[in-house]
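For the sequence shown, the working numbering begins at 5 and goes up steadily by one. From the three backbone atoms N, C-alpha and C, an ideal C-beta is built for every residue, glycine too. Below you'll find the structure, written out as structure tokens, and then a few comments.
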Amino acid sequence: MKQNITIIFILIFIISCTSNTIYKKPKDLISKEQMVDLLVDMHIALGVKSIKKKGEKRNLEYMYLVYEKYGIDSTRFASSNFYYTTDIDEYSNILKSVKERIDKMKEKYDLEQTQKDSLENASKKSIQDELVPIKKSKKFKIDTSFVK
């Protein structure tokens, strides 16, 4: 009898823990593709905010520029983001796409930076080669007989 009561309580507990709430799509839901674009730009904006710039006294807020770019407001983003987070698998796919895109952007930037650095090093080397002092040659003697 005690086992039956324990099993019933465990089943009630498990059933009560599962969420049966179905969230309705917001009428102004941001599409998945646009959500990926938006999240990429948000991550970049947040990253730029953390960079300290010389001579700049104030912190600039870039998020309003991201919202302006996509023609949305923070409320629309919040409702769409909440809707997507209710489906963990779908939101995981969105975040995976965001990470892949940011990684590609980083690879491209690193390649451009490497090329820029190699060009700068090559130009420095050619300038240094031109500035190497000319060694005195034994073939030419300087006539100092006229100096007294």
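When C-alpha distances from Arg105 are compared across Ile14, Pro30, Ile92, Leu43, the shortest belongs to Leu43. Cα atoms of Tyr113 and Gln119: separation of roughly 10 Å, rounded to the nearest angstrom. The C-beta distance from Val102 to Val52 rounds to 16 Å, too long to meet the 8 Å contact threshold. Note on geometry: alpha-carbon atoms of Leu64 and Ile34 lie some 26 Å from one another. For Thr118, the secondary structure class from DSSP, reduced to helix, strand or coil, is helix. Here the alpha carbons of Ile14 and Gly75 stand approximately 49 Å from one another. Cβ contact annotation for Ile98 (same chain, cutoff 8 Å, sequence separation greater than five): Lys36, Met39, Val40, Leu43, Tyr88, in chain order.
DSSP places Ser35 outside both helix and strand once states are collapsed to three, so it counts as coil.
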